[in-house]
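To start, the structure under review is shown below, and the notes come after it.
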Amino acid sequence: MKVIDIKTEGGMVKGKIAFYCDALGVTRQGFYWYLKHKDM
C-alpha cells in the first residue's frame, strides 16, 4: 500500500490508482482505507 501511496502522491493522482492497485493485487477500497487510517 505504501508503494501506491508514494506513486500516486497520497492518492492525489486519481488516474494511476486503479492501475497500481491492479498491478499489485490490491483493492481500491483497501487502498482508500489505508489512506484514511495511515496517520492514526
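Just so we're aligned, residue 408 is where the sequence shown starts under my numbering, counting upward by one. Just so you know, even glycine gets a beta-carbon here, dropped at the ideal spot from N, CA and C. Note that this is a predicted model, so its numbers are computed, not measured.
- Here the alpha carbons of ILE424 and GLN436 stand approximately 11 Å from one another.
- In this structure, TYR439 lies away from MET408, with their beta-carbon atoms at least 8 Å apart.
- Here THR434 is exposed: its Cβ has fewer than 16 other Cβ atoms, across all protein chains shown, within 10 Å.
- The alpha-carbon of ILE411 is positioned some 18 Å away from that of MET447.
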